[in-house]
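Enquirer: Counting from 0, one number per residue, gives the positions in the sequence shown under numbering that gives the first Met the number 0.
A virtual CB, placed ideally from N, CA and C, is assigned to each residue, including glycine.
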Amino acid sequence: MKETITCIDCHSNKSVEISLENNTVVSRKHVDSNDINTTKLFVGQGLTDLQVNGYCGVDFNTFPILEKDFLKVIEELVKQAVTSFLPTIITNSDETILKLLKNIHELCEKNSIINSFVTGIHLEGPFISKAEGAKGAHDNKYIKAPDWDLFKKFQLASGNRIKIVTISPEWKNSIPFIKNCVQEHIIVSLGHTIASPEQINNAALAGASMSTHLGNGAPLELARNSNFIFEQLANNKLTASLIADGFHLPDSFLKIALATKKDKIVLVSDSTMFAGMKPGIYNAHIGGDVVLEQGGRLSIQANNKILAGAAVSLLFCVNKLIKSNLATVSDAWALGSIQPNELIENAASDFVLFELVNGEIQIKEVFKNNMRIYSKTKTFL
Ligand SMILES: [Zn+2]
0 MKETITCIDC HSNKSVEISL ENNTVVSRKH VDSNDINTTK LFVGQGLTDL
50 QVNGYCGVDF NTFPILEKDF LKVIEELVKQ AVTSFLPTII TNSDETILKL
100 LKNIHELCEK NSIINSFVTG IHLEGPFISK AEGAKGAHDN KYIKAPDWDL
150 FKKFQLASGN RIKIVTISPE WKNSIPFIKN CVQEHIIVSL GHTIASPEQI
200 NNAALAGASM STHLGNGAPL ELARNSNFIF EQLANNKLTA SLIADGFHLP
250 DSFLKIALAT KKDKIVLVSD STMFAGMKPG IYNAHIGGDV VLEQGGRLSI
300 QANNKILAGA AVSLLFCVNK LIKSNLATVS DAWALGSIQP NELIENAASD
350 FVLFELVNGE IQIKEVFKNN MRIYSKTKTF L
């Protein structure tokens, strides 16, 4: 069956014509069209989430990760316009990290769908800060100084899939570790840290190029003028990832970060397994009983002032920026697609068609590798 879809590039505002034959894209080109004022359909790159700990009840940090569960995550993320993501493995025993990395590697080797969505793996820890507040939910007993030989074992187990490693540069041997990573084309991201401004800047000079969920994974109180958050905001070498779910950072912080970092920003969901689940009370293996509210806020049941991680999709964060007037549709969409794709050098041909309904993005169709994989509430992979 042949079809032609006319839509508007959400960045250039130019008309785009997409020709399809049996759900396969035959051509996609800019055209001069009079439809620009009548069509309400927009096209943008697929979203890329650089930090996904889990989704819809599936936890990437619990061994074993089953093939059917991984596919379930993909099916649900596609509905949220995500066409690439980095499963994120956090601090754990060396043995468990190795097992989880090997698990993901084997799933990618076995299943071409999984392989096409996993653009890499984000290893968040174990080389982070032990300081209270900075370490967040990471288990103190497994946190350690950067260790290149150990990292090489991790990378081998992952089939060379680790693309981002989050470390704290407060460890003495951070600099040679960062240099080794850069040489192997691995992005070093600074996070879960209480490093001094000098340590932050030295890490960036050595090649660290990213900040992990800037503004979170930090102690509640900091020195007012000289601290690692200001230093990372001010350092042009560092692209900041932000959890813009409306719970992790106040709008004022998002506004400052967007203004100072300009295009050196990416949005991440940092979603836990509770994202995509129905509101309710759940038992988390870290933090005990947690409450998931209707709007996506996840907190500790015993003290609901304390967040228990993130529980919304990247699309929710893109919409949050638009609804709060913090970014235009074009800019917000770029922060979840073009920017992360550029950062990890992901050649992105995947695209998404969406509409704006009451100032909110609603996904209509998703295309991956030039195949239609989602349309009208149905995923077909
Ligand atoms: Zn974290």
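1) Over what stretch of residues does the alpha helix (DSSP H) that includes Thr259 continue unbroken?
2) Pull up the distance between the alpha-carbon of Met272 and that of Lys134, whole angstroms please.
3) For Ala80 versus Ile362, is the C-beta distance shorter than 7 Å?
4) Can you tell which of Glu105, Gly53, Leu97 has the C-alpha that lies nearest to the C-alpha of Leu85?
5) Could you give the DSSP three-state label for Leu237: helix, strand or coil?
6) If you count every other CB in all the chains shown that lies within 10 Å of the CB of Asn60, and 16 or more means buried, which is it?
7) Could you tell me if Met209 is buried or exposed, where buried requires 16 or more neighbouring beta carbons within 10 angstroms of its beta carbon?
8) With a threshold of 16 other CB atoms inside 10 Å of the CB of Leu204, please say whether the residue is buried or exposed.
9) Which residue wins for smallest C-alpha separation from Ile103, given the options Thr82, Ile64, Arg371?
10) Out of curiosity, what's the CA-to-CA distance linking Val30 and Gly43?
11) Tell me the rounded alpha-carbon separation between Ser14 and Phe353.
12) Beta carbon of Gly308: closer than 6 Å to some heavy atom of ligand 1?
13) According to DSSP, simplified to helix, strand and coil, what is Glu2?
14) From the DSSP output, which residues share a beta bridge with His121?
15) Specify, as a first and last residue, the run of the alpha helix (DSSP H) that Lys98 falls within.
16) Is Gly56 closer than 7 Å to Phe350 when the C-beta atoms are compared?
17) Is the distance from the Cβ of Ser18 to the Cβ of Thr3 below 7 Å?
18) By the three-class DSSP mapping on this structure, what secondary structure does Ser195 have?
19) If you compare alpha carbons, which of Thr238, Pro175, Leu106, Glu230 is closest to Ser157?
20) Check whether the Cβ of Gly124 sits closer than 6 Å to any heavy atom of ligand 1, and report yes or no.
21) Asp330: buried (16+ other C-beta within 10 angstroms of its C-beta) or exposed?
Expert: On the basis of the data shown:
1) Segment 250-260, the alpha helix (DSSP H) holding Thr259.
2) Approximately 20 Å between the Cα atoms of the pair.
3) Yes.
4) Considering only alpha carbons, the answer is Gly53.
5) Coil.
6) Buried: at least 16 other Cβ atoms inside 10 Å.
7) So Met209 counts as buried.
8) It is exposed - the Cβ of Leu204 has fewer than 16 other Cβ atoms within 10 Å.
9) It is Ile64.
10) Approximately 16 Å between the Cα atoms of the pair.
11) Distance between the alpha carbons of Ser14 and Phe353: 14 Å.
12) Gly308: no, Cβ never under 6 Å from ligand 1.
13) In the three-state scheme derived from DSSP, where H, G and I count as helix and E and B as strand, Glu2 is classed as strand.
14) His121 is bridged by DSSP to Thr87, Ile163.
15) Start and end: 93-109.
16) Against a cut-off of 7 Å, the Cβ pair of Gly56 and Phe350 comes out as no contact.
17) If you check the CB distance, Ser18 and Thr3 come in under 7 Å.
18) Note: Ser195 maps to coil in three-state DSSP.
19) The shortest C-alpha separation from Ser157 is found at Leu106.
20) Relative to ligand 1, even the nearest heavy atom lies 6 Å or more away from the CB of Gly124.
21) Label assigned to Asp330: buried.
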